[in-house]
Amino acid sequence: MARPRVRLVVTADDFGYCPRRDEGIVEAFLAGAVTSVSLLVNGAAAESAAELAGRHQIPTGLHANLSEGRPVGPARHGASSLLSPEGFFLGKMGFREAVAAGDVALPQVREELEAQLIRFRELLGGDPTHVDGHQHVHVLPGVCQVFAETLQANGVRFTRLPVERGVGGCAWLEAPARAFACAVERDARAAMGPFSRYGLRWTDAFVGLSTCGRHMSAHRVTGALARALEGIPTGRALTAELMAHPGYPSVPPAGGCGEGPDAFSCSWERLHELRILTAPTLRARLAQDGVQLCTLHDLDSKRPGEGILGEATLETFLEPSAPCP
Numbered sequence: 002m003a004r005p006r007v008r009l010v011v012t013a014d015d016f017g018y019c020p021r022r023d024e025g026i027v028e029a030f031l032a033g034a035v036t037s038v039s040l041l042v043n044g045a046a047a048e049s050a051a052e053l054a055g056r057h058q059i060p061t062g063l064h065a066n067l068s069e070g071r072p073v074g075p076a077r078h079g080a081s082s083l084l085s086p087e088g089f090f091l092g093k094m095g096f097r098e099a100v101a102a103g104d105v106a107l108p109q110v111r112e113e114l115e116a117q118l119i120r121f122r123e124l125l126g127g128d129p130t131h132v133d134g135h136q137h138v139h140v141l142p143g144v145c146q147v148f149a150e151t152l153q154a155n156g157v158r159f160t161r162l163p164v165e166r167g168v169g170g171c172a173w174l175e176a177p178a179r180a181f182a183c184a185v186e187r188d189a190r191a192a193m194g195p196f197s198r199y200g201l202r203w204t205d206a207f208v209g210l211s212t213c214g215r216h217m218s219a220h221r222v223t224g225a226l227a228r229a230l231e232g233i234p235t236g237r238a239l240t241a242e243l244m245a246h247p248g249y250p251s252v253p254p255a256g257g258c259g260e261g262p263d264a265f266s267c268s269w270e271r272l273h274e275l276r277i278l279t280a281p282t283l284r285a286r287l288a289q290d291g292v293q294l295c296t297l298h299d300l301d302s303k304r305p306g307e308g309i310l311g312e313a314t315l316e317t318f319l320e321p322s323a324p325c326p
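Position in the sequence shown (from 1) plus 1 gives the number in this note's numbering.
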């Protein structure tokens, strides 16, 4: 039987975080290695990133940020459950802990999401192609409901569902990274219900948790994609998203979302991802496997009868091939 055709969106996150990161992301897009970007509207380089997106006609979504830097909504004017006493978001793990403790006021989450959508439209002059979450905050319990409601109210249909099948068995990941990936996956599985009820769409498969930074290689990307698509019915074209964080490393103090760039952005691992994505090896292997790079617009323009993204694979996602420990 012929190999099924797979359409792959390659999304570069954190566009607008830093001019050097953005330079690498645009380079990857022009090389045909990245097909979509997610913009941080509270990023230090958001305005110049928006100009780059317009100049090069880069499909751009919103990287909704509730965990790093300063807010753009009403919270910036006073006390908020989203912020520390210093006026910054609570951080990747701090926000998660506050949500788990019930200390985050969900109406304030909605206000900030709305404000970031408004800011996106001011910068880009139009609606985002998709909205996902910086540090995957959009799939957290409670937050995912508000997120789905807000996207529906604003006419946004596409999001990211960060369920990477088999990530719990990726022995090359350090224990903290594997534990975080497994937690993200568990939250994402639970978020499928609210996402589906509010009409959101996502790709059949997702990869990127196991291939971030130093862990990215052509072999691991193609292996993760094969695992992610395993068992999915092949009677139609399959769709997938690869999350990536390419770019030239940030050099402090430039970059960040109001507090300067973090270690993740300053790391050589950003350049490693850029080199893996733009080298011919990965794209040759993807082509060999019947994978075609595309944009979300391409997915949205599928022929009638090819199915709705996300719905066909709900049961598959609910039965992970390698459970997280």
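Just so you know, even glycine gets a beta-carbon here, dropped at the ideal spot from N, CA and C.
In the DSSP assignment, the alpha helix (DSSP H) including residue i goes from what residue to what residue?
i: Ala213; result: Before going further, note that residue 213 is Cys rather than Ala in the sequence given. That residue, Cys213, is in no alpha helix (DSSP H); it is neither H nor E in DSSP.
i: Phe196; result: 176 to 198
i: Leu272; result: 270 to 279
i: Cys295; result: No alpha helix (DSSP H) holds Cys295; the beta strand (DSSP E) holding it covers 292 to 295.
i: Val168; result: No alpha helix (DSSP H) holds Val168; DSSP gives it neither H nor E.
i: Ser68; result: That residue, Ser68, is in no alpha helix (DSSP H); it is neither H nor E in DSSP.
i: Ile26; result: 20 to 31
i: Ser266; result: 264 to 267
i: Arg228; result: 219 to 230
Mark residue i as exposed unless 16 or more other C-beta atoms lie within 10 angstroms of its C-beta, in which case mark it buried.
i: Gln289; result: exposed
i: Leu91; result: buried
i: Asp205; result: buried
i: His135; result: buried
i: His78; result: exposed
i: Val27; result: buried
i: Val11; result: buried
i: Arg304; result: Residue confidence is low: Arg304 scores 44 on pLDDT, short of 50, so the model does not pin down where it sits. Its coordinate-derived value is still stated next. So Arg304 counts as exposed.
i: Arg166; result: buried
i: Gly256; result: buried
i: Ser85; result: exposed
i: Gly194; result: exposed
i: Val7; result: buried
i: Val140; result: buried
i: Ser49; result: exposed
i: Asp15; result: buried
i: Val252; result: exposed
i: Asp133; result: buried
i: Leu31; result: exposed
i: Arg202; result: buried
i: Asp104; result: exposed
i: Gly70; result: buried
i: Gln146; result: buried
i: Tyr18; result: buried
i: Arg228; result: buried
Quickly, what does DSSP pair residue i with across the bridge? List them, please.
i: Arg56; result: According to DSSP, which records beta bridges pairwise, Arg56 is partnered with nothing at all.
i: Arg202; result: Phe159
i: Glu242; result: Val10, Phe207
Along the chain, where does the beta strand (DSSP E) containing residue i start, and where does it finish?
i: Thr12; result: 7 to 16
i: Thr61; result: 61 to 65
i: Leu1; result: Lying outside 2 to 326, the shown extent of the chain, residue 1 is not represented and no answer is given.
Notebook entry, point to check: At which residue ranges does the region 75 to 153 contain complete beta strand (DSSP E) runs of 3 or more residues, listed in the order of the chain?
Noted result: Counting whole runs of 3 or more residues, the region 75 to 153 contains the beta strand (DSSP E) stretches 132 to 134.
Margin query: Counting beta carbon pairs with one atom in the region 125 to 135 and one in the region 172 to 185, are three or more of them shorter than 8 Å?
Written below: Fewer than three pairs of CB atoms, one per stretch, sit closer than 8 Å, so the region 172 to 185 makes no contact with the region 125 to 135.
Check: Using 8 Å as the Cβ pair cut-off and three pairs as the minimum, do the region 24 to 43 and the region 54 to 72 touch?
Finding: The region 24 to 43 makes contact with the region 54 to 72: 3 or more CB pairs, one atom from each, lie closer than 8 Å.
Notebook entry, point to check: With contact counted as at least three CB pairs below 8 Å, one residue from each stretch, are the region 161 to 174 and the region 104 to 118 in contact?
Noted result: Put simply, the region 161 to 174 does not touch the region 104 to 118. Fewer than three CB pairs are less than 8 Å apart.
Notebook entry, point to check: How about the region 96 to 103 and the region 276 to 294: do they share at least three Cβ pairs that are nearer than 8 Å?
Noted result: These segments do not touch.
Item checked: At least 3 beta-carbon pairs within less than 8 Å: the region 222 to 238 vs the region 195 to 214 -> The answer is yes - the region 195 to 214 touches the region 222 to 238, with three or more Cβ pairs under 8 Å.
Note to self: I want to know whether the region 291 to 298 touches the region 265 to 278 - three or more CB-CB distances under 8 Å.
What the structure shows: No, because fewer than three Cβ pairs between the region 291 to 298 and the region 265 to 278 fall closer than 8 Å, the two stretches do not touch.
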